[in-house]
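J.: Input: one structure, supplied below.
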Amino acid sequence: MYLPGTHPELVDLLIEQFNTTIELLVKHLPPNHSSVDLLPTTAYHNIVGAGQVGVVMKGFLQACWGEKTVFILQPGDLILQSRSQSGICLLAEDPVTVHIWENRAFYEHIATHPEALNLWQKAILLQNSVFAHAYAAATKKGLRPTAGFTRYIEGDIILHQGDLADNVYTMLKGSAKVLVNKTEVGEIHEGEIFGAIACLTAGRRSATVMATSSCTVMAVPKEEFVELLHAQPETCLKLIETMANQIISMNARLSNSEQDFY
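Going by full-length UniProt numbering, the first residue of the sequence shown is number 1, and it counts up by one from there.
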């Protein structure tokens with residue numbers, strides 16, 4: 001499970017523990033299941049009926065509440081119901097495969113396997129803690145950015161040098177290279193923020209970013225990103241960390257170029 005935005009360290013720790021618990025739980029699930037494939041933008045509840053439990057095997061499901069993405073389900077994550085009482089809708093972000101169990105068979109299996117039951121109870125407690133602490137932090141700071149998600153394949157241009165800046169981006173999945181005047185000067189990896197400098201300086205893009213693998217990128221409007229920096233210091237620290245890594249990478253490239261020259 002992935003929550004868009006930057007959160008207190010406690011939330012990130014709880015998410016890590018939750019994901020580890022789910023990985024262990026999935027190994028103890030019933031062997032008999034059906035499989036469903038979802039095309040991009042397909043709503044999960046339009047394909048899978050109520051009263052079924054699912055596990056994401058491939059791809060990402062975007063949990064939307066209105067126009068906002070509240071969390072993202074990744075491979076290995078459990079889907080307890082197709083549509084919740086709160087109106088959250090699950091949309092396929094890319095081609096998604098889900099394994100499906102009927103509720104009764106699923107819970108009977110869990111109840112009769114002590115280790116699975118223990119992991120199940122732990123997962124539910126951790127999930128509730130994640131949402132409770134994340135909501136408390138967002139409410140305290142009064143901000144939850146509007147995020148958009150785009151998929152790219154290898155060779156696609158994510159940003160063009162010279163374009164006006166309107167969004168700040170986070171690489172959720174995949175990698176990309178940074179080009180200045182068609183010369184590669186750096187790389188972007190999963191979890192890194194990019195495209196922020198032009199937004200913060202109201203300038204144009206100083207580099208082109210090209211996907212070097214299949215990518216999923218999250219975009220936050222520049223106005224909301226600036227507000228996010230004021231409201232959530234963790235985002236600022238993440239940006240500084242990303243910029244530091246890029247500077248180190250650039251220095252290494254320059255050093256190698258000088259050695260080649262001499």
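Note that CB positions come from ideal geometry on N, CA and C, so glycine has one too.
Would you say the beta carbon of V55 comes nearer than 8 Å to a heavy atom of the ligand NAD?
T.: The model depicted lacks the ligand NAD and carries no ligand whatsoever.
J.: For Q127, which residues from the same chain have a beta carbon less than 8 Å from its beta carbon, with the 5 sequence-adjacent residues on both sides left out?
T.: The answer, listed in chain order, is M1 and F18.
J.: With distance defined between alpha-carbon atoms, name the residue in I188, I72, L3 and S34 nearest to V48.
T.: Nearest option by C-alpha distance: S34.
J.: In chain order, what are the residue ranges of uninterrupted alpha helix (DSSP H) at least 4 long that sit wholly in the region 6 to 43?
T.: Counting only runs of 4 or more, we get 9 to 26.
J.: Is it buried or exposed, W65, if we count other Cβ atoms within 10 angstroms and call 16 or more buried?
T.: Flag for W65 reads exposed.
J.: Closest by CA to P30, which one among S214, F106 and G186?
T.: Selected option, being the one with the closest Cα: F106.
J.: Who are N167's beta bridge partners in DSSP?
T.: P221, per the DSSP bridge assignment.
J.: Where are the alpha helix (DSSP H) runs, 4 residues long or more, that stay fully inside the region 69 to 126, in chain order?
T.: Here the runs fully enclosed are 103 to 111.
J.: Can you tell me the Cβ-Cβ gap for I158 and V217, rounded? I've got them flagged as a contact below 8 Å.
T.: Yes, I158 and V217 are in contact; Cβ-Cβ is about 6 Å, under 8 Å.
J.: Exposed or buried, which one is K173 when buried takes at least 16 other CB atoms within 10 Å?
T.: By the 10 Å Cβ count, K173 comes out buried.
J.: Let's see if you can read the secondary structure: which residues bound the beta strand (DSSP E) around V178?
T.: Segment A176 to V180, the beta strand (DSSP E) holding V178.
J.: Just the C-alpha distance for L14 and S213, rounded to the nearest angstrom, thanks.
T.: For L14 and S213, the distance between alpha carbons rounds to 29 Å.
J.: In or out: L119 buried (at least 16 other Cβ within 10 Å) or exposed?
T.: Burial call: buried.
J.: What residue from A50, N46, V53 and L91 has the CA that sits closest to G59's CA?
T.: Nearest of A50, N46, V53 and L91 to G59, Cα basis: L91.
J.: Are there 16 or more other CB atoms within 10 angstroms of the CB of L25, so buried, or fewer, so exposed?
T.: L25 should be labelled buried.
J.: Going by CA-CA distance only, name the one from E108, V56, P4 and E93 that's closest to D77.
T.: Residue V56 is the option with its Cα nearest to D77.
J.: Which term fits N46, buried or exposed, when burial requires 16 or more other beta carbons within 10 angstroms of its beta carbon?
T.: Looking at its Cβ environment, which holds fewer than 16 other Cβ atoms inside 10 Å, N46 is exposed.
J.: Please name the residue or residues paired with V53 in a DSSP beta bridge.
T.: DSSP, once it has assigned bridges, lists W101 as partnering V53.
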